[in-house]
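Numbering (full-length UniProt numbering), first residue to last: 235 to 498.
Since the structure comes first, as structure tokens, the remarks are kept for the end.
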Ligand code: UP6
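See the structure below:
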């Protein structure tokens, strides 16, 4: 087991975002992030209302929400503050630093309401560190950190090419004040204060028809040593989402804290 105790991680971590995440994890007993890929603001907000008590973070694709607007982000940030979860916009930035900055402040004003965003490693160190540092250090933005995509869950993803994941880890190591962790399938760094978030989780299905590969919670947390599970359709396509939220949350928390003497 290469993860250290949650209480130690809470004390050790320098990143304000990760400190908040580990504190939230311990308080809510949850290492579950819900991916809400609905296409209307009403449906997203209704799901957040149900999910708020069970999740550490809510992950969105703002550009998939057809009636996305500022009233929505204002409700979203109020709910996040009241129900204690982190707002995660899964934009997967992958362009020049200049363009990334324009996108962060463009029509969706992502930097103003998201706590954390995803960033592809493919564009390299300078267009990642430089741009995001400016936003993260500016208190007029909500954005507090980024997750680097070290591995994708999709079948045949090019992130499996030799050296790609290792290069993403080295970008993270060079930008520890900005990078809060990774999106990956299996733990990619032994540093406990970099959190490993993993999508591709479903207890009732193995794949969709368009490249997604799912596996169970024990595999992801116990065997592959991730910290936080990202569950989407396993909850959002279910007719009983609250039951599913409870189920995923319990399994993920039990798997994470099984050997954690700072919890029991
Ligand atoms: N996601 C993946 N795989 C990755 C990175 N991100 O599935 O490697 C995102 C998807 C989706 C969520 O964009 O929002 O995680 C997974 O949802 P699902 O369980 O419904 O497939």
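Beta carbons are placed, not taken as given, at the ideal position from N, Cα and C, and that holds for glycine.
Bear in mind that the values here come from a model prediction, so they are computed numbers and not experimental data.
Check                                                                                                                                                                     : Outcome
With a cut-off of 8 angstroms, do at least 3 Cβ pairs link the segment 398-409 to the segment 349-364?                                                                    : yes
For residue 378, which three-state DSSP category applies?                                                                                                                 : coil
Quick one: what's got a C-beta closer than 7 angstroms to residue 295's C-beta in the same chain, skipping five residues either side?                                     : 271 and 324
Since residue 267 sits in a beta bridge, which residues does DSSP pair it with?                                                                                           : 291 and 464
Helix, strand or coil for residue 432, going by three-state DSSP, please let me know.                                                                                     : strand
Starting from residue 420, follow the alpha helix (DSSP H) in both directions and report where the run begins and ends.                                                   : Careful: residue 420 lies outside any alpha helix (DSSP H) and carries neither H nor E.
Taking the alpha-carbon of residue 313 as reference, which of 491, 280 and 351 has the nearest alpha-carbon?                                                              : 280
Just the C-alpha distance for residue 344 and residue 305, rounded to the nearest angstrom, thanks.                                                                       : 14 angstroms
Could you pull out every residue in the same chain whose Cβ sits closer than 8 angstroms to the Cβ of residue 274, ignoring the five residues on either side in sequence? : 299, 300 and 301
May I ask whether a heavy atom of the ligand UP6 can be found less than 7 angstroms away from the beta carbon of residue 252?                                             : no
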